[in-house]
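For the numbering used here, count along the sequence shown from 1 and bump the result up by 407. Working notes, structure below.
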Amino acid sequence: MVDRSLEAREVVIQLLKFHIAGAQQRMKDMANKHITDRYFEVGDWIYLKLQPYIKISVAIRPFNKLAAKYFGPYLIVERIGDVTYRLLLPIDVLIHPTLHVSQLKRCLEVPTTINHPPFLHLSSPYCSLPESILERRMVKKHNKVVCWVLVK
Numbered sequence: 408m409v410d411r412s413l414e415a416r417e418v419v420i421q422l423l424k425f426h427i428a429g430a431q432q433r434m435k436d437m438a439n440k441h442i443t444d445r446y447f448e449v450g451d452w453i454y455l456k457l458q459p460y461i462k463i464s465v466a467i468r469p470f471n472k473l474a475a476k477y478f479g480p481y482l483i484v485e486r487i488g489d490v491t492y493r494l495l496l497p498i499d500v501l502i503h504p505t506l507h508v509s510q511l512k513r514c515l516e517v518p519t520t521i522n523h524p525p526f527l528h529l530s531s532p533y534c535s536l537p538e539s540i541l542e543r544r545m546v547k548k549h550n551k552v553v554c555w556v557l558v559k
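Okay, structure coming up:
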């Protein structure tokens with residue numbers, strides 16, 4: 408009796424594993440349907456796509472949805488791995504020059520002007536350092552305590 412129930416359980420487990428493997432394969436095929444392999448050569452010109460959190464940290468814009476999506480074009484200097492490239496970026500750009508292929512887009516023709524990412528320097532009149540803290544208050548927001556500070 409116990410042997411038959413163990414054998415039946417093993418059959419059910421094998422059947423479940425078979426169906427789970429089939430479902431995983433179907434999900435993998437659907438996910439990979441829209442993925443294309445991108446390959447660039449050394450010397451190609453490409454556009455750089457910045458992530459939204461980097462765009463916010465490098466420039467203050469009133470409407471981020473109107474910000475430029477791609478910057479460049481930049482020259483590929485070196486291919487480091489299958490999906491990693493090193494770019495020739497200007498000196499004042501504070502982005503690491505080694506980037507993943509998902510952040511790059513092929514430039515079909517090199518324009519005469521290059522669109523560099525805007526960066527806010529500390530010497531800019533729009534970037535001011537706080538002089539002093541005038542008031543500090545603890546506020547409850549979304550069931551968490553948050554510290555609010557009034558800065559001069």
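Using N, Cα and C, we set each Cβ at its ideal position, and we do this for glycine too.
Span separating the alpha-carbon of residue i from that of residue j
i, j, result
"Ile502", "Lys456", "12 Å"
"Leu496", "Asn550", "45 Å"
"Lys440", "Arg433", "11 Å"
"Ala428", "Lys472", "41 Å"
"Gln510", "Ala475", "14 Å"
"Met408", "Gln431", "35 Å"
"Asp499", "Lys512", "22 Å"
"Arg493", "Val517", "18 Å"
"Lys435", "Asp489", "21 Å"
"Leu515", "Leu557", "50 Å"
"Ala443", "Lys424", "The sequence given here places Thr at residue 443; Ala does not occur at that position. Rounded to the nearest angstrom, the two C-alpha atoms are 30 Å apart."
"Lys547", "Leu541", "20 Å"
"Arg486", "His507", "10 Å"
"Val419", "Ala438", "28 Å"
Exposure of residue i, with buried meaning 16 or more beta-carbon neighbours within 10 Å
i, result
"Tyr446", "exposed"
"Leu536", "exposed"
"Ile483", "buried"
"Ile453", "buried"
"Leu422", "exposed"
Those residues which DSSP pairs with residue i across a bridge
i, result
"Leu557", "Glu542"
"Glu516", "Beta-bridge pairing links Glu516 to no other residue."
"Leu494", "Ile483"
"His507", "Thr491"
"Val552", "Lys547"
Report yes or no: do the region 468-483 and the region 411-425 share at least 3 C-beta pairs separated by less than 8 Å?
-> no
What residue ranges within the region 411-483 form continuous beta strand (DSSP E) runs of no fewer than 3 residues, ordered along the chain?
-> 452-456
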